[in-house]
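Protein chains in written order, with this note's numbering: chain C, 52 to 165; chain E, 9 to 122. Inspection log for the structure reproduced underneath, given as structure tokens.
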Amino acid sequence: KAGVTQTPRYLIKTRGQQVTLSCSPISGHRSVSWYQQTPGQGLQFLFEYFSETQRNKGNFPGRFSGRQFSNSRSEMNVSTLELGDSALYLCASSILRENGDTQYFGPGTRLTVL
Amino acid sequence: AQKVTQAQTEISVVEKEDVTLDCVYETRDTTYYLFWYKQPPSGELVFLIRRNSFDEQNEISGRYSWNFQKSTSSFNFTITASQVVDSAVYFCALSEAKAQKLVFGQGTRLTINP
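The structure is reproduced here in structure tokens:
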């Protein structure tokens, strides 16, 4: 079974631009979560989607948004990029038999904002 | 509020030594889940183990073992006879039953020297 895939793997943008990251979950997984990893703040939860609905959201500004499609694939968007948005963005998927179900992570998208 | 503390920022040992990574958590919920993930230099988080709050049995998987003690809110991870391939950053994480959301510790960077 293929794992979680994320595209692109690397991205360089300039301040003020916007960016869209894509995540394809493991086949059969219905929940997709996004996390941001930075050296200063560590791994932080961004949001979680299930059945095309955002169920949970972390403490991030409205510039961070996402969506999920009917095939469970998900995208996250960051508008008006700031230098501090440079990070590794990780997507995780789970079957979601219950909350707390194991999340399996993709390789991440490394975003650099110049 | 949930919190996970990994007090050891970095550990360096010589190959074949045993090493224990500490994890202490805080939660008000009675139902919760604990996880360990490994992050090699490639960046992807690799799932190692999931434990629910009602199962305090220790687990062993090959050279890896986990000790869960609710009385001290700890979920420690031991690698026996460490190998160079075990070098990575290890994260302990907590998820409560009411939300599909992981709260991570700051991670422990483990270096196994030949």
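The beta-carbon is built from N, C-alpha and C at its ideal position, and this holds for glycine as well. Keep in mind the model is a prediction, meaning the values are calculated, not measured.
Item: Extent of the continuous beta strand (DSSP E) run through SER73 of chain C; Value: 70–75
Item: DSSP state of LYS11 of chain E mapped onto helix, strand, coil; Value: strand
Item: LEU42 of chain E versus VAL129 of chain C: straight-line alpha-carbon distance, rounded; Value: 30 Å
Item: is_contact[PHE101 of chain C, chain E] using C-beta, thresh 9 Å; Value: yes
Item: Cross-chain neighbours of LEU141 of chain C in chain E, by beta carbon under 9 Å; Value: GLY51, GLU52, LEU53
Item: Presumed contact (8 Å Cβ cut-off) between LEU56 of chain E and ASP94 of chain E, rounded CB distance; Value: Their Cβ separation, rounded to whole angstroms, is 11 Å, which puts LEU56 of chain E and ASP94 of chain E out of contact at 8 Å.
Item: Start-to-end residues for the beta strand (DSSP E) that takes in GLU67 of chain E; Value: 67–69
Item: Paired residues, beta bridge with GLU99 of chain C - DSSP; Value: C:SER84, C:ASN107
Item: Residue environment, ALA53 of chain C, which counts as buried when at least 16 other CB atoms sit within 10 Å; Value: exposed
Item: Proximal residues to VAL92 of chain E (C-beta, below 7 Å), its chain only, five neighbours per side dropped; Value: GLU23, ILE120, PRO122
Item: Which of helix, strand or coil DSSP assigns to VAL22 of chain E; Value: strand
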